[in-house]
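Undergrad:
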Amino acid sequence: METAVVAFAIMSAASAVIIAVAVLVVLSRRSHRPWSNLKPWSTAGFPWLMLGIAGTILFALVGLSVLLPLLIALGGLIAVVVGVYRQWKNGA
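Our numbering applies: residue 18 is where the sequence shown begins, and numbers increase by one.
See below:
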């Protein structure tokens, strides 16, 4: 059961990143804004993403359920994608 949750979380995170990159590539072709202005580490979700990743590793090492840290990491990833999109939309 826990393996299925981990696999689902990894696939969800990967698909969110792929969708975000595809959307940004399509949008960048229209306005020719440079990608170097985007700073994902300065978004509000980046600390939550790092906390979720570190928590997942720690919980897995201790032998606890990794569901909560994976949900935190997934929420942080979504917040990072939204923050990068807002940076891109505002011209960074």
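Idealized CB from N, CA, C, for every residue including glycine.
For clarity, every value in this text was computed on a predicted model and none was experimentally measured.
Would you report the Cα separation of Ala-37 and Leu-91, rounded to the nearest angstrom?
TA: 14 Å
Undergrad: What are the boundary residues of the alpha helix (DSSP H) that Val-97 is part of?
TA: Here the alpha helix (DSSP H) through Val-97 covers 84-106.
Undergrad: So, helix, strand or coil for Ala-61, using DSSP?
TA: coil
Undergrad: To the nearest angstrom, how far is the alpha carbon of Ala-77 from that of Pro-86?
TA: 10 Å
Undergrad: Taking only three categories from DSSP, how would you classify Gly-80?
TA: coil
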